[in-house]
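Peer 1:
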Amino acid sequence: MAADSDPESEVFEITDFTTASEWERFISKIEEVLNDWKLIGPRAGKPLEKGVFTSGSWEESTQEISFADFKFSITHHYLKQEGVENEAKDEPQEEVYPQAMQDLLCCSNDFPPRAHCLVRWFGVREFVVLSPGANCEAIISESKCNLLLSSVSIALANSGCQVPLLVQIQQKQRKLFSGECQGPGVRTDFEMVHLRRVPSQYTHLSGLLDLFKSKIGCSVSPLPPIRISIRFTYVLQDWQQCSWPQQPPDFDALLAGEVGAVEFGKLPFGACEDPVRSQYVEHACVSELCYSTSDLDPLQAPHWSVRIRKAENPQCLLGEFLMEFFRLCSRKETTEEILGRSLVDEDGKEHGDITQALSKLTEPTSVVSIPKLSVSSVVRRIRRHRRNEEEAPLNPDLLSAILTYLFPDAAGGQSESSAAAPSSPSRGSEDHLLFSRLKSAPALSLTQRLAVCVCVLNLHYGGVTAVAQLWQEFVLEMRYRWEHSIPVSGLPAGAPDLRCCLLHQKLQMLNCCIERRKARDDLKKNTGEGGGAKERSGSEASGKPWSDSWSDSEDEFYECVSDTEEMKEKESTLTLRPEGRLEAFGDVTLLDSQEPLYIPDPAPMTEDLLEQHSEVLARLGSSAEGAQIRARMQSASLLSDMEAFKAANPGCSLLDFVRWYSPRDFVEVESIDEASGASVKRAELSARMQIPGNMWAETWETATHTPARRQRRLFDDTREAEKVLHYLSVQKPADLAMSLLPCVLHTALIKLKEEEFSENISSVRQSLQQITSQTSKLVHQPSPDLKKLEDVIGQMSAVEALIARSRSLKAKFGIAGGERGEDGEQLVRLVSDLLEEPEVCVVGAGRGPAGSVIHKLFSSSQRSLDSSDESFLMDVEAALLSPLDEPDSRSSSVPTDSAECVSGDSGSCVCFPPPVGRELLLRACAARPAPGSRSLPQRLFCSHTPQEFRLAGAFSSDTSFF
Numbered sequence: 001m002a003a004d005s006d007p008e009s010e011v012f013e014i015t016d017f018t019t020a021s022e023w024e025r026f027i028s029k030i031e032e033v034l035n036d037w038k039l040i041g042p043r044a045g046k047p048l049e050k051g052v053f054t055s056g057s058w059e060e061s062t063q064e065i066s067f068a069d070f071k072f073s074i075t076h077h078y079l080k081q082e083g084v085e086n087e088a089k090d091e092p093q094e095e096v097y098p099q100a101m102q103d104l105l106c107c108s109n110d111f112p113p114r115a116h117c118l119v120r121w122f123g124v125r126e127f128v129v130l131s132p133g134a135n136c137e138a139i140i141s142e143s144k145c146n147l148l149l150s151s152v153s154i155a156l157a158n159s160g161c162q163v164p165l166l167v168q169i170q171q172k173q174r175k176l177f178s179g180e181c182q183g184p185g186v187r188t189d190f191e192m193v194h195l196r197r198v199p200s201q202y203t204h205l206s207g208l209l210d211l212f213k214s215k216i217g218c219s220v221s222p223l224p225p226i227r228i229s230i231r232f233t234y235v236l237q238d239w240q241q242c243s244w245p246q247q248p249p250d251f252d253a254l255l256a257g258e259v260g261a262v263e264f265g266k267l268p269f270g271a272c273e274d275p276v277r278s279q280y281v282e283h284a285c286v287s288e289l290c291y292s293t294s295d296l297d298p299l300q301a302p303h304w305s306v307r308i309r310k311a312e313n314p315q316c317l318l319g320e321f322l323m324e325f326f327r328l329c330s331r332k333e334t335t336e337e338i339l340g341r342s343l344v345d346e347d348g349k350e351h352g353d354i355t356q357a358l359s360k361l362t363e364p365t366s367v368v369s370i371p372k373l374s375v376s377s378v379v380r381r382i383r384r385h386r387r388n389e390e391e392a393p394l395n396p397d398l399l400s401a402i403l404t405y406l407f408p409d410a411a412g413g414q415s416e417s418s419a420a421a422p423s424s425p426s427r428g429s430e431d432h433l434l435f436s437r438l439k440s441a442p443a444l445s446l447t448q449r450l451a452v453c454v455c456v457l458n459l460h461y462g463g464v465t466a467v468a469q470l471w472q473e474f475v476l477e478m479r480y481r482w483e484h485s486i487p488v489s490g491l492p493a494g495a496p497d498l499r500c501c502l503l504h505q506k507l508q509m510l511n512c513c514i515e516r517r518k519a520r521d522d523l524k525k526n527t528g529e530g531g532g533a534k535e536r537s538g539s540e541a542s543g544k545p546w547s548d549s550w551s552d553s554e555d556e557f558y559e560c561v562s563d564t565e566e567m568k569e570k571e572s573t574l575t576l577r578p579e580g581r582l583e584a585f586g587d588v589t590l591l592d593s594q595e596p597l598y599i600p601d602p603a604p605m606t607e608d609l610l611e612q613h614s615e616v617l618a619r620l621g622s623s624a625e626g627a628q629i630r631a632r633m634q635s636a637s638l639l640s641d642m643e644a645f646k647a648a649n650p651g652c653s654l655l656d657f658v659r660w661y662s663p664r665d666f667v668e669v670e671s672i673d674e675a676s677g678a679s680v681k682r683a684e685l686s687a688r689m690q691i692p693g694n695m696w697a698e699t700w701e702t703a704t705h706t707p708a709r710r711q712r713r714l715f716d717d718t719r720e721a722e723k724v725l726h727y728l729s730v731q732k733p734a735d736l737a738m739s740l741l742p743c744v745l746h747t748a749l750i751k752l753k754e755e756e757f758s759e760n761i762s763s764v765r766q767s768l769q770q771i772t773s774q775t776s777k778l779v780h781q782p783s784p785d786l787k788k789l790e791d792v793i794g795q796m797s798a799v800e801a802l803i804a805r806s807r808s809l810k811a812k813f814g815i816a817g818g819e820r821g822e823d824g825e826q827l828v829r830l831v832s833d834l835l836e837e838p839e840v841c842v843v844g845a846g847r848g849p850a851g852s853v854i855h856k857l858f859s860s861s862q863r864s865l866d867s868s869d870e871s872f873l874m875d876v877e878a879a880l881l882s883p884l885d886e887p888d889s890r891s892s893s894v895p896t897d898s899a900e901c902v903s904g905d906s907g908s909c910v911c912f913p914p915p916v917g918r919e920l921l922l923r924a925c926a927a928r929p930a931p932g933s934r935s936l937p938q939r940l941f942c943s944h945t946p947q948e949f950r951l952a953g954a955f956s957s958d959t960s961f962f
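Residue numbering for the sequence shown is 1 to 962, as defined by UniProt numbering.
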């Protein structure tokens, strides 16, 4: 006996049967996820409204779980509904079927166009999907599929979850799912079949009915009523009968042969191909029958819906221009490297030696013409005439036309004043908001015209080589105008506008220098070579901007005044008149008079010069030597500001200047008037300004009435002009493109706004607002993000494609122009909805205005077929539309409502081609699996297209009584 044996010799083995296996842990993880998402217990929901699957808000939650080392992703999809928790609480829970089983019989959302595929196939509003992880292989073997389905079934039973849980099996592109939904005493099995070819017995409705009856086990009589929803899809791909709205090329224009080109100064717009590939028309009807169905006539169908298949990334003109211009910003070559091959012939000799330009200037025959020639003009002529025209991307005629477009004042017979400079947009206008936000240039300005020219040449006339050639000619033109004192046309008057791009500021600065030089040349002609300064004109004395009236003879002839007192005495003998005024300083008046206080016109500076000045002051540091240098620089600037203030406000005092320049040093104190005894306010300087030897007081005493434009030390027109010309000459094509990119984007946005105005598409307006906001943020950055800029251009191309698609549809529906009646307005709304929605219901189906137009389009397409092909298609159509049941069996069918499904002769559908897709939904309530079981929802979805054949069934069973 065991009791008599030696205890020390006994060995006990303990097996722990509570250790969980990998399969059990996997099931436990599924249950934990279902508990975390609160999917336990019955689900109460409102009845589904019509179209809610498409218009409603779908949400999802995802978690990662694993089975041993195999990763799975479990996702919860559900339709968000408000006020669900308070409904259906008083009903007995044991008699309520799961929510998913109730949705199986709902007919309000058949064939939803925008929803998850399982929603379309099974009609459920909430479900959970278990699928392999991103980097895991598909579940192909049958044993693994059965193991997963068993895990799902156990998890649903243990947790009490009544939400359908489906497992994705086979390859992901096949979209095969299998699963189940459990409730109190009921279960629904979700099954699916996917084939590439349809079996012959299922090509007709009768075969599908037999399959459905066999699945629900209807072996007794009477048979339950079967509700059928049928949807046929017809495709219209032949648009030959419709005219394409894109403007044909004008072969007499400068851009001869270019599609969409209107003028050289405007960017093209539109699609080079039809952005609408095809049009899908679906007609559906619903009927109840016992054994068979009637023929379907598309013209008599009660429901029509239309959708379009869009062209993927259609070639659009504006988007192509912008993208090619953007790629130009990434080039690394310099202008000399690009044009180097064009300047050297096969023998290695240069076509235009610059030394020949100097020799031409020293030739005896050119002595008389020296005042009319310059180095730049001679070099330009040599390059234009000696360059090999075959190698140059721009022929002389095209180059001459471009330069004439850029500089219209240089055309023969056109005066300088005829090329009016563009003015800045008025404040508050939409164009002003774009101009100020995008940091570009005014519309129709030289910078904007140059940007459009570069954009066009880059795409159609030689690419970067043509851009480099144009830029070289542009720089030579700028130097020629500077040396001959010819103002640059197409630029607003005045100092550089810091709201514009840097290139535009540089051109404005050069124009300022030219205006100053021209004013001096005119003054020389009026006063003689050695004469003194002529009295200023009345326009300048009245305070007009300096670019309109400029006389600066003192700085030109370097007349040094040996004694400051002599200058002051000279000033006192003259009547001081205001000059160099920018604008009034609010309602402030001078302290010693009632004259308004004016802000002086500052010296012109571009933003890069301002940044350099700030950097210089910052680099001086806080040392004593740096502080001294900074004080000297600021003192020079202070003297300039004081002289300009005195010139703008004759009779002013230091208190007036401090009041404008440094308000914190302007103090008002109250004092008692000895005569009247009343309290009066008196203005005085701050304590630090009253210190003996104060720099401000000493500088004020030495400052003369000299406007900023006459202060040679702070603004040297020759030096500044050479700086601008050097800046222009060293620009690479990529630098030029980057400088002009804001102008190109600005022009493109204006073009999109103009084109959208005629189409009136709400989504386009919202997109343009977002694009403008994003562009404004990017162009104001010192180094814009090129990737984000490329995304902005992509968004502009998408907007262009949307507008082109709208015009294409309007042309096809015959509403491109002209007066529109009530029917026309209905067609306009249909086109607008097609652009926004994936599928649009046709009002009146085939008997409405839109249906009549669609019918005509199909009829025109069908008439273009050969008679033999047409008869063949009619036979195929008749075979697809008619059931296989015997004619005598139709007499036993249940009559249908004529308003829902109207039978018709198959010959009436001759105008429609054979349907490319057929979808059928069969629904019934049947007792399953035994005759004594409860009657539960049954559903079968069938999709038949040339590419695939799919069956998706949801069959419910009573698990209480078998």
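Glycine included, each C-beta is placed from N, C-alpha and C at the ideal position.
With a CB to CB cut of under 7 angstroms and the five nearest residues on each side skipped, what residues in its chain are close to Asn158?
Peer 2: The answer, listed in chain order, is Glu31.
Peer 1: Do you know how far the Cα of Asp189 is from the Cα of Gly179?
Peer 2: In a straight line, the C-alpha of Gly179 is about 6 angstroms away from that of Asp189.
Peer 1: Taking the alpha carbon of Pro113 as the point to measure from, which residue in Glu948, Arg950, Pro929, Val840 has its own alpha carbon closest?
Peer 2: Of the listed residues, the one whose Cα sits closest to Pro113 is Val840.
Peer 1: Among residues of its own chain, excluding the 5 on either side of Ile140, which ones have a beta-carbon nearer than 7 angstroms to its beta-carbon?
Peer 2: Correct list, in chain order: Gln170.
Peer 1: Leu507 to Glu477, Cα distance in whole Å?
Peer 2: Each residue's Cα considered, the two are about 12 angstroms apart.
Peer 1: Gln315: buried (16+ other C-beta within 10 angstroms of its C-beta) or exposed?
Peer 2: The residue in question, Gln315, is exposed, as its Cβ has fewer than 16 Cβ neighbours within 10 Å.
Peer 1: State the Cα-Cα distance for the pair Gly693 and Val724, rounded to the nearest angstrom.
Peer 2: So the alpha carbons of these two residues sit roughly 41 angstroms apart.
Peer 1: Leaving out five residues before and five after Pro487 in sequence, what residues of the same chain have Cβ atoms less than 8 angstroms from its Cβ?
Peer 2: Excluding residues within five positions, the ones whose Cβ falls inside 8 angstroms are Glu416, Arg481, Asn511, Ile514, Glu515, Lys518.
Peer 1: Could you spell out where the alpha helix (DSSP H) holding Lys732 opens and where it closes?
Peer 2: Here Lys732 belongs to no alpha helix (DSSP H), and DSSP marks it neither H nor E.
Peer 1: Report the option in Tyr598, Ser762, Glu825 whose CA atom is closest to the CA atom of Ile803.
Peer 2: Among Tyr598, Ser762, Glu825, the Cα nearest to that of Ile803 belongs to Ser762.
Peer 1: How many Å lie between residue 963 and Ser108 at the Cα?
Peer 2: In the structure as shown, the chain starts at 1 and stops at 962, and residue 963 therefore has no counterpart that could be examined.
Peer 1: Contact check, Pro164 vs Val128 under 8 angstroms by CB: the rounded distance?
Peer 2: Going by Cβ atoms, the distance from Pro164 to Val128 rounds to 7 angstroms, so yes, they are a contact pair.
Peer 1: Would you kindly work out how many angstroms separate the C-alpha atoms of Leu34 and Ile74, rounded to a whole number?
Peer 2: The alpha-carbon atoms of Leu34 and Ile74 are separated by roughly 10 angstroms.
Peer 1: DSSP three-state call for Met192: helix, strand or coil?
Peer 2: It is a strand residue.
Peer 1: Should the stretch 296–312 be regarded as contacting the stretch 272–285, the criterion being three or more beta carbon pairs within less than 8 angstroms?
Peer 2: At 8 angstroms Cβ cutoff, the stretches touch.
Peer 1: For Phe325 versus Asn458, is the C-beta distance shorter than 7 angstroms?
Peer 2: Taking 7 angstroms as the Cβ cut-off, Phe325 and Asn458 qualify as a contacting pair.
Peer 1: Determine the direct distance from the alpha carbon of Pro199 to that of His944, and round the result to whole angstroms.
Peer 2: Straight-line Cα distance between these residues: approximately 11 angstroms.
Peer 1: Can you grab the Cα-Cα spacing for the pair Ala100 / Glu24, in whole Å?
Peer 2: Spanning the two alpha carbons is a distance of roughly 27 angstroms.
Peer 1: Using the three-state DSSP reduction, which class does Trp37 fall into: helix, strand or coil?
Peer 2: In the structure shown, Trp37 sits in coil (DSSP, three-state: anything other than H, G, I, E or B).
Peer 1: Buried or exposed: His726, going by 16 or more other Cβ atoms within 10 Å of its Cβ?
Peer 2: Under this definition His726 is an exposed residue.
Peer 1: Return the first residue and the last residue of the alpha helix (DSSP H) that Gly794 is part of.
Peer 2: Per DSSP, Gly794 belongs to the alpha helix (DSSP H) from 786–812.
Peer 1: Should Thr447 go down as buried or exposed, given a rule of 16 or more other Cβ atoms within 10 Å for buried?
Peer 2: The residue in question, Thr447, is buried, as its Cβ has 16 or more Cβ neighbours within 10 Å.
Peer 1: Quick check on DSSP: helix, strand or coil for Arg187?
Peer 2: Reduced to three states, the DSSP call for Arg187 is strand.
Peer 1: Quick check: the Cα distance between His385 and Asn395, rounded to an integer number of angstroms?
Peer 2: In this prediction, His385 has a pLDDT of 42, which is less than 50 and means its spatial position is unreliable; what the coordinates show is noted afterwards. In a straight line, the C-alpha of His385 is about 11 angstroms away from that of Asn395.
Peer 1: Can you tell me which of the three DSSP states Cys181 falls into?
Peer 2: In the structure shown, Cys181 sits in a strand (DSSP, three-state: E or B).
Peer 1: Could you pull the start and end residues of the beta strand (DSSP E) that Thr233 belongs to?
Peer 2: Counting along the chain, the beta strand (DSSP E) containing Thr233 begins and ends at 226–236.
Peer 1: According to the neighbour-count rule (16 or more other Cβ atoms, all chains shown, within 10 Å of its Cβ), is Cys453 buried or exposed?
Peer 2: The residue in question, Cys453, is buried, as its Cβ has 16 or more Cβ neighbours within 10 Å.
Peer 1: Span of the alpha helix (DSSP H) holding Tyr405?
Peer 2: Per DSSP, Tyr405 belongs to the alpha helix (DSSP H) from 396–406.
Peer 1: By the 10 Å Cβ neighbour count, where 16 or more other Cβ atoms means buried, how is Arg125 classified, buried or exposed?
Peer 2: With 16 or more other Cβ atoms within 10 Å, it is buried.
Peer 1: When we look at the beta-carbon of Glu822 and count the other beta-carbons within 10 Å, is it buried (16 or more) or exposed?
Peer 2: Exposed, by the Cβ-count rule.
Peer 1: So, with DSSP's three-state summary, where would you put Thr959?
Peer 2: Residue state, collapsed to three classes: coil.
Peer 1: Give the C-beta separation of Ala468 and Pro650 to the nearest angstrom, bearing in mind that I take them to be a contact with Cβ-Cβ under 8 angstroms.
Peer 2: Not really, about 53 angstroms apart at Cβ, beyond 8 angstroms.
Peer 1: Tell me the DSSP secondary structure of Thr447 in three-state form.
Peer 2: DSSP places Thr447 in helix when its eight states are reduced to three.
Peer 1: To which residues does DSSP link Ile599 through a beta bridge?
Peer 2: Paired residues: Glu583.
Peer 1: State the beta-bridge partners of Ala954 as determined by DSSP.
Peer 2: Note: Ala954 sits in a beta bridge opposite Phe190, Arg939.
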